[in-house]
Amino acid sequence: MSIPERLNKLMEIANWNQTKVAELGNITQASVSRILGGATPGSDFLTNLAKNGNVNPLWLLTGEGEMFKHESTILDEKESEEFRQVNVYLHQNMDVFEFIQNLKQEPRKTHGKVKSLLGKLLGLSTKDLERLEAYLEGMGK
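Mapping the sequence shown onto the UniProt record's numbering, position 43 (from 1) lands on 43, and the numbers just tick up by one.
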């Protein structure tokens with residue numbers, strides 16, 4: 001299922017129209033229409049929709065996890081900012097985003113090599129790479 005299909009499903013289940021999604025995502029109705037037409041949603045929209053509509057942004061982007069965040073997984077202010085920064089980077093580098101999504105399909109024995117390569121590609125220190133990995137794992141719960 002694509003992002004537009006998931007957004008349509010969300011709207012149907014939550015009984016939201018494009019105007020409501022625009023309000024929750026702090027974007028225009030025309031922008032919602034573009035997303036439904038296949039445009040990639042921006043990180044601010046995802047962050048606002050997560051905060052204001054309790055929508056799991058990982059589900060909207062990838063289909064993984066629950067559609068709505070559980071009360072125990074609602075991000076605090078610091079985590080929201082980190083999420084926004086990660087999303088900005090990933091959306092500016094969609095090939096990296098797709099690579100990260102495909103990591104789940106790699107055998108565990110190559111995990112260390114892939115992790116090292118990813119760190120080099122992203123220019124991250126080992127500590128920052130571990131933080132990113134922990135953050136992405138936490139989003140899937």
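Backbone N, C-alpha and C fix where the C-beta goes; we use that ideal spot for every residue, glycine too. Model, not experiment: these values are computed from the prediction.
By how many angstroms is the C-alpha of Leu58 removed from the C-alpha of Leu129? 19 angstroms
Give me the Cα-Cα distance between Ala50 and Gly123, rounded to the nearest whole angstrom. 28 angstroms
Inspect the CB distances between the stretch 61 to 69 and the stretch 16 to 33 and report whether three or more fall short of 8 angstroms. Pairwise C-beta distances place the stretch 61 to 69 out of contact with the stretch 16 to 33, as fewer than three of them are shorter than 8 angstroms.
For Ile3 and Leu60, which I take to be in contact (beta-carbon distance under 8 angstroms), what is that distance rounded to the nearest angstrom? 6 angstroms
Beta bridge counterpart(s) of Val55 as assigned by DSSP: Phe68
Apply the 10 Å Cβ neighbour rule to Ile35 and answer buried if 16 or more other Cβ atoms are within range, or exposed otherwise. Around the Cβ of Ile35, a 10 Å sphere holds 16 or more other Cβ atoms; the residue is buried.
Beta-carbon proximity list for Ile74, same chain, < 8 angstroms, skipping 5 on both sides: Caution is warranted here: a pLDDT of 49 is assigned to Ile74, below 50, making its placement in the model unreliable, and no coordinate value can be reported.
For Leu49, decide whether its Cβ has a neighbour in chain B, counting only Cβ atoms nearer than 8 angstroms. The chain inventory of the structure shown lacks chain B, comprising one protein chain alone.
Excluding the 5 residues preceding and the 5 following Met1 in the sequence, name in chain order all residues of the same chain whose CB lies nearer than 8 angstroms to its CB. Lys9, Gly63
In terms of residues, what are the limits of the alpha helix (DSSP H) holding Met11? 3 to 14
If you measure between the beta carbons of Val88 and Leu132, is that distance less than 8 angstroms? no
Three-way DSSP call (helix, strand, coil) for Ala134 in this model: helix
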